[in-house]
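Residue numbers (my numbering): 73 to 496.
Just so it is clear, CB atoms sit at the ideal spot from N, CA and C, and this is done for glycine as well.
A short write-up of the structure that comes next.
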Amino acid sequence: MSAAMEVRKALIKRRHVFGIAAAIALLAALVPIAVLADDTTATSAAGVAADTVWVIVAACFVMFMQAGFAMLEVGFSRMKNVGTVVAKVITNLSVSSIAYWGVGFGLAFGAGGAFALIGGSGFFPTFSPGSSMDLPAIAASTVPAAGKWFFEFVFCAVSLAIVWGTMLERTKFIVYILFGVPFAAFIYPLISHQLFGGGFLMATLGSQDFAGSTVVHLTGATAGLAGLLLLGARIGKYERGRSNAIPGHNMPLAQLGVLILWFGWFGFNPGSTLNATNLHFADVVVVTNLAAAGGAVAALVTVYLITKTMDVGMIGNGAIAALVAITAPSGYVEPWAGIVIGAVAGVIVVVGVLALDRVLDDPVGALPMEWPASGAPSAADSSRPRRSRSSTASARAACSTRAASTSSAPRRSRWALPSSPCSF
Numbered sequence: 073m074s075a076a077m078e079v080r081k082a083l084i085k086r087r088h089v090f091g092i093a094a095a096i097a098l099l100a101a102l103v104p105i106a107v108l109a110d111d112t113t114a115t116s117a118a119g120v121a122a123d124t125v126w127v128i129v130a131a132c133f134v135m136f137m138q139a140g141f142a143m144l145e146v147g148f149s150r151m152k153n154v155g156t157v158v159a160k161v162i163t164n165l166s167v168s169s170i171a172y173w174g175v176g177f178g179l180a181f182g183a184g185g186a187f188a189l190i191g192g193s194g195f196f197p198t199f200s201p202g203s204s205m206d207l208p209a210i211a212a213s214t215v216p217a218a219g220k221w222f223f224e225f226v227f228c229a230v231s232l233a234i235v236w237g238t239m240l241e242r243t244k245f246i247v248y249i250l251f252g253v254p255f256a257a258f259i260y261p262l263i264s265h266q267l268f269g270g271g272f273l274m275a276t277l278g279s280q281d282f283a284g285s286t287v288v289h290l291t292g293a294t295a296g297l298a299g300l301l302l303l304g305a306r307i308g309k310y311e312r313g314r315s316n317a318i319p320g321h322n323m324p325l326a327q328l329g330v331l332i333l334w335f336g337w338f339g340f341n342p343g344s345t346l347n348a349t350n351l352h353f354a355d356v357v358v359v360t361n362l363a364a365a366g367g368a369v370a371a372l373v374t375v376y377l378i379t380k381t382m383d384v385g386m387i388g389n390g391a392i393a394a395l396v397a398i399t400a401p402s403g404y405v406e407p408w409a410g411i412v413i414g415a416v417a418g419v420i421v422v423v424g425v426l427a428l429d430r431v432l433d434d435p436v437g438a439l440p441m442e443w444p445a446s447g448a449p450s451a452a453d454s455s456r457p458r459r460s461r462s463s464t465a466s467a468r469a470a471c472s473t474r475a476a477s478t479s480s481a482p483r484r485s486r487w488a489l490p491s492s493p494c495s496f
């Protein structure tokens with residue numbers, strides 16, 4: 073007991089010393105906080121890091137859309153052609169990566185040259201941590217040049233993927249490479265420069281395309297239409313003045329592709345803010361999702377009113393058409409407007425598919441999905457009855473008749489795949 077009393081007396085005698093020590097420790101702890109509060113460089117570095125991480129993550133979302141295109145096209149293809157689809161997706165992504173790095177990015181965003189028409193610098197760029205390039209149209213973003221390049225490249229890759237959906241089952245493999253290189257190096261950058269890169273339409277006329285309804289989707293769809301007109305229809309699609317169904321082999325796989333594309337759009341539109349710290353990307357996420365929902369519901373109602381069937385292919389088409397339609401205004405409109413825009417696109421894609429399937433053979437319905445405001449021609453065969461295994465014999469019996477009818481059809485392009493009118 074006496075020892076405890078002695079310790080207590082000693083502490084009381086030294087309480088002033090302990091108080092001074094505690095004050096010094098508190099000041100020492102607060103000094104770094106005060107210094108960091110005044111260090112604007114640290115705050116700026118954190119903002120740059122946040123913006124960079126968000127843009128790279130969004131770009132990865134967009135790149136994952138390649139898997140969505142692959143599943144969509146595989147589902148709408150016949151079994152015998154699915155291997156070519158997968159190889160085509162990987163090859164397109166690879167050749168477009170090299171072409172866009174070497175030439176395309178500089179033409180789309182580089183300063184100098186005849187800037188009103190095309191960019192003139194930034195070819196074959198090299199990158200290092202925090203490196204920058206002279207990119208006037210996207211200079212406001214603090215993201216390093218490497219992050220900007222990757223984000224813009226995946227948009228180019230999406231536009232190229234759209235092209236081939238219209239030409240499934242008819243194109244020789246070498247054509248993918250022969251067209252993919254000039255598309256990524258010259259065609260897409262020319263359009264991109266006008267609405268993303270600060271060209272004449274953007275700088276002089278004030279044209280706006282927030283995330284690429286025109287730059288990405290309309291460009292890809294227009295190129296696809298040109299190829300489709302060149303190739304013509306698949307053998308057996310049009311006979312005796314009517315359109316025949318050539319259904320895909322796996323509708324669940326096609327709808328998995330729709331869901332992957334829907335997911336990827338959360339990088340496509342929100343990532344186009346090129347900024348995380350102002351938090352606007354969260355608003356764009358909501359608008360994008362509501363537009364897709366409005367398009368799917370509107371397509372469901374429309375196709376049921378017209379055909380009295382619940383067509384899962386049309387529902388997926390409606391969601392994608394709505395996502396395309398909301399891509400341009402997603403950073404500018406309220407959520408309710410997103411639903412309206414998506415619903416209008418959902419109605420147009422159904423009407424366009426059913427009306428124009430009689431004219432052009434577009435297996436996945438790429439054209440009306442990518443041209444939701446114009447009702448471009450397309451074909452969606454999922455609404456038609458599938459041919460069962462039991463009907464194969466009768467189909468074979470009709471082979472000679474089909475062959476005779478196709479022999480008198482217009483000659484197909486030399487770029488088309490050789491195929492038999494009686495493949496089962």
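Nearest residue (CA-CA) to residue i, options the options
i: V396; options: A417, Y404, W408; result: A417
i: L346; options: I307, W221, R306; result: W221
i: W236; options: E224, V226, F251; result: F251
i: T340; options: I398, V158, A211, S279; result: For clarity, residue 340 is Phe in the given sequence; the question names Thr instead. Residue I398 is the option with its Cα nearest to F340.
i: G502; options: G271, D434, G313; result: Residue numbering for the chain in the displayed model covers 73 to 496; residue 502 lies beyond these limits and cannot be assessed.
i: T214; options: H352, V253, L432, A348; result: A348
i: F196; options: L207, A171, A211; result: A171
i: G329; options: A209, Q138, V134, I234; result: Q138
i: V175; options: P261, A117, G388, R242; result: P261
i: T124; options: L207, S116, P216; result: P216
i: A275; options: A188, S344, D429; result: A188
i: R430; options: A218, A317, S203, G367; result: A317
i: L426; options: A400, A409, G390; result: G390
i: L163; options: S116, N153, A233; result: Before going on, a small fix: residue 163 reads as Thr here, not Leu. Nearest of S116, N153, A233 to T163, Cα basis: A233.
i: A117; options: N153, P201, F133, E241; result: P201
Three-state secondary structure (DSSP) of residue i
i: A445; result: Here A445 scores only 44 on pLDDT, less than 50, and its place in the model is too uncertain to base an answer on.
i: G252; result: helix
i: Y376; result: helix
i: E311; result: strand
i: T124; result: helix
i: T198; result: coil
i: T381; result: coil
i: T238; result: coil
i: T243; result: strand
i: P407; result: helix
i: L432; result: coil
i: P208; result: helix
i: L302; result: helix
i: L439; result: helix
i: V175; result: helix
i: V157; result: helix
i: I398; result: helix
i: V421; result: helix
i: L426; result: helix
i: L189; result: coil
i: A97; result: For A97, the predicted model reports a pLDDT of 48, less than 50, meaning its position is unreliable; a value from the coordinates is still stated below. In the structure shown, A97 sits in a helix (DSSP, three-state: H, G or I).
i: S149; result: coil
i: G140; result: helix
i: G390; result: helix
i: A183; result: coil
i: V215; result: coil
C-beta contact flag for residue i and residue j at 8 angstroms
i: A371; j: V422; result: yes
i: V288; j: F227; result: yes
i: F181; j: G191; result: yes
i: S315; j: V359; result: no
i: G414; j: F136; result: no
i: F199; j: A131; result: no
i: K380; j: Y248; result: no
i: G140; j: I332; result: yes
i: L165; j: F258; result: no
i: F245; j: V436; result: no
i: A393; j: P342; result: no
i: M151; j: H321; result: yes
i: T374; j: L303; result: no
i: G269; j: A209; result: yes
i: D433; j: K309; result: yes
i: G296; j: M239; result: yes
i: G424; j: Q327; result: no
i: T291; j: S231; result: yes
i: A566; j: S203; result: Shown here, the chain extends from 73 to 496; a query on residue 566 therefore has no answer.
i: A142; j: V127; result: no
i: E241; j: R306; result: yes
Distance between beta carbons of residue j and residue i, contact taken as under 8 angstroms
i: S168; j: A256; result: 4 angstroms
i: L55; j: T294; result: Residue 55 is absent from the model: the chain starts at 73 and stops at 496.
i: F338; j: V357; result: 6 angstroms
CB contact below 8 angstroms: residue i versus chain D
i: L372; result: No chain D appears in the structure shown, which is made up of a single protein chain.
Residue i: CB within 7 angstroms of a non-hydrogen atom of the ligand COA
i: P342; result: Absence of the ligand COA is noted for the structure shown, with no ligands found whatsoever.
Entirely enclosed alpha helix (DSSP H) segments - the stretch 256-298, minimum 4 residues: 260-267, 272-275
Quick check on the DSSP output: what are the complete alpha helix (DSSP H) runs of length 4 or more inside the stretch 313-366, in order along the chain? 323-340
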